[in-house]
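Chains as they are written, first to last, in the UniProt record's numbering: chain A, 1 to 202; chain B, 1 to 202.
Report on the structure given below.
Below is the structure:
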C-alpha cells in the first residue's frame with residue numbers, strides 16, 4: 001500500500017490500513033509514491049491523485065474506506081461475522097466517511113485559509129454533538145465491541161483541529177481509548193518510521 | 001424505509017434505496033417520518049436525525065451508502081459476485097461518498113448562504129475534472145457494467161447546482177444515461193407520488 005511521500009506525518013491515510021492490518025494480524029508492506037510529479041501511472045490507480053491505495057493479489061483498490069471494508073471481510077477482528085453485527089459495522093463505517101468526515105474535512109480545509117467565520121462551524125458542532133450523545137451511552141459504535149468502524153471514526157476524530165472543536169467529553173474519551181490500542185501505536189510508529197527512512201533532501 | 005416528510009422533493013435520499021430496489025427487483029415499502037418534532041425514537045434509529053433508514057428483517061440501518069452496499073449484497077444486478085468486480089464496485093461507491101460528495105455537499109451548503117466566493121469552489125472543480133477524465137474513457141465506473149456505484153455517483157452528480165458546475169461533458173453524458181434507466185424513473189416517480197399522497201396543510 002503506497003503512502004504519500006510527504007504530507008502531514010502521522011495523519012496520512014495509509015495509517016488506517018496499517019492499523020487495520022495490525023488489528024487483524026495481516027501481513028503488509030508499504031511503499032512510497034512521490035507527492036510531486038504524480039503522472040498518468042498514479043492517476044490510473046488513484047483517479048483523484050491521492051493515497052493510499054491497496055494491492056491485494058488481483059485486487060487493486062483506492063479509497064481508504066473501501067480498503068478498510070475489504071480488509072474487514074478478511075478478519076473477524078475487524079468486523080463480526082453475523083449479519084446484524086456486519087450491518088452495524090458497515091453503517092458506522094459509512095457514517096464516519098459521509099456524516100462526520102464529510103463535514104470535518106471541508107471545515108478543516110476552509111480553516112486553513114479563512115480568517116473570518118467558517119461557514120461550516122455550526123454544522124461540525126452539531127454533528128459532533130450528535131455523535132457525542134451516542135458515545136455517552138456506549139463504548140464502541142457497532143455490535144458492542146471494537147470494529148473497523150471505530151478504527152475509522154477515531155482516525156477521523158483524532159485530527160487536532162477536530163479534537164479542539166467544542167467540548168465533547170465522550171468523543172474525547174472514545175478517541176483516547178481507541179488510540180490507546182497497541183495496534184494503533186504500531187501503525188503510527190510504522191508510518192513515522194517510514195517517513196524517517198524515506199526522507200529526501202528538500 | 002422511512003423517507004423525510006418534506007425537503008427537496010425528487011432529491012431526498014430514500015430515492016437511492018428505491019432505485020436500488022427497483023434495479024434489483026426487491027420488494028419494498030416506504031414510510032414517512034415527520035421532519036418536525038423528530039424525537040428520541042427517531043434519533044435512536046438515525047443518530048444524526050436524518051433520513052433514510054432501512055428495515056430489513058432483523059437489520060435496521062442508517063446511512064444511504066451503507067444501505068446501498070447492504071442491498072448490493074442481495075443482488076448481482078447491483079454488484080458483480082467476483083472478488084475483483086466487488087472490490088471495484090466498493091471503491092467507487094466509497095469514492096462517491098468520500099471523494100465527490102464530501103466536497104460537493106459542503107460546497108452546495110455554503111452556496112446557499114454565501115454571496116461571496118465559495119472557498120470550496122476550486123476543490124469541487126478539481127474533483128469533477130478528475131472524474132470527468134475517468135468517465136471520458138468508460139461507460140460505467142466499475143467492472144465494465146452498471147453497478148450500485150453508478151447509481152450512487154449519478155445521484156450525487158444530478159443535483160442541479162453540481163450539474164451546473166464547470167463544463168464536464170463526460171459527467172453530463174454519464175448522468176444522463178444513468179438517470180435514463182427505467183428503474184430511476186420508477187424510483188423518482190415513486191418519491192414524488194409519495195410526497196403528493198402525504199401532503200399536509202402547512
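For every residue, glycine included, the Cβ atom is placed at its ideal position computed from N, Cα and C.
Three-state secondary structure assigned by DSSP to residue i
i, result
"residue 46 of chain A", "coil"
"residue 6 of chain B", "With a pLDDT of only 46 at residue 6 of chain B, under the threshold of 50, the placement of this residue in the model should not be trusted, and no figure is reported."
"residue 192 of chain A", "helix"
"residue 33 of chain A", "strand"
"residue 53 of chain B", "strand"
"residue 147 of chain A", "coil"
"residue 62 of chain A", "strand"
"residue 88 of chain B", "helix"
"residue 27 of chain A", "coil"
"residue 75 of chain B", "coil"
"residue 120 of chain A", "coil"
"residue 11 of chain A", "coil"
"residue 180 of chain B", "coil"
"residue 83 of chain B", "helix"
"residue 107 of chain A", "helix"
"residue 242 of chain A", "This structure leaves residue 242 of chain A out entirely; chain A is present only between 1 and 202."
"residue 139 of chain A", "coil"
"residue 210 of chain A", "The first residue shown for chain A is 1 and the last is 202, placing residue 210 of chain A beyond what the model contains."
Exposed unless 16 or more other CB atoms sit within 10 angstroms - verdict on residue i
i, result
"residue 190 of chain B", "buried"
"residue 86 of chain A", "buried"
"residue 81 of chain A", "exposed"
"residue 127 of chain B", "buried"
"residue 65 of chain A", "buried"
"residue 119 of chain B", "buried"
Proximal chain A residues relative to residue i, where beta-carbon distance stays under 9 Å
i, result
"residue 99 of chain B", "47, 48, 50, 62, 63"
"residue 83 of chain B", "57, 58, 59"
Below-7 Å beta-carbon distance, residue i vs any chain A residue
i, result
"residue 58 of chain B", "yes"
"residue 152 of chain B", "no"
"residue 149 of chain B", "no"
"residue 87 of chain B", "yes"
"residue 90 of chain B", "yes"
Residues that residue i contacts on chain B, provided the C-beta gap is smaller than 8 Å
i, result
"residue 75 of chain A", "Going along chain B, no residue has its Cβ under 8 Å from residue 75 of chain A, so there is no contact; the nearest lies around 16 Å."
"residue 103 of chain A", "106"
"residue 207 of chain A", "Residue 207 of chain A lies beyond the range of chain A shown here (1 to 202); nothing can be said about it."
"residue 113 of chain A", "119"
Closer than 8 Å at the beta carbon, the chain A residues around residue i
i, result
"residue 26 of chain B", "Chain A residues near residue 26 of chain B: none, gap ~16 Å exceeds 8 Å."
"residue 127 of chain B", "48"
is_contact[residue i, chain B] using C-beta, thresh 7 Å
i, result
"residue 130 of chain A", "yes"
"residue 171 of chain A", "no"
"residue 95 of chain A", "yes"
"residue 66 of chain A", "yes"
"residue 134 of chain A", "yes"
"residue 12 of chain A", "no"
Under 7 Å from the C-beta of residue i: neighbouring residues of chain B
i, result
"residue 70 of chain A", "87, 90"
Inspect the CB distances between the stretch 146-162 of chain A and the stretch 88-106 of chain A and report whether three or more fall short of 8 Å.
yes
Are three or more beta carbon pairs between the stretch 14-31 of chain B and the stretch 71-81 of chain B nearer than 8 Å?
Three or more beta-carbon pairs drawn from the stretch 14-31 of chain B and the stretch 71-81 of chain B are found closer than 8 Å, and the two stretches are therefore classed as touching.
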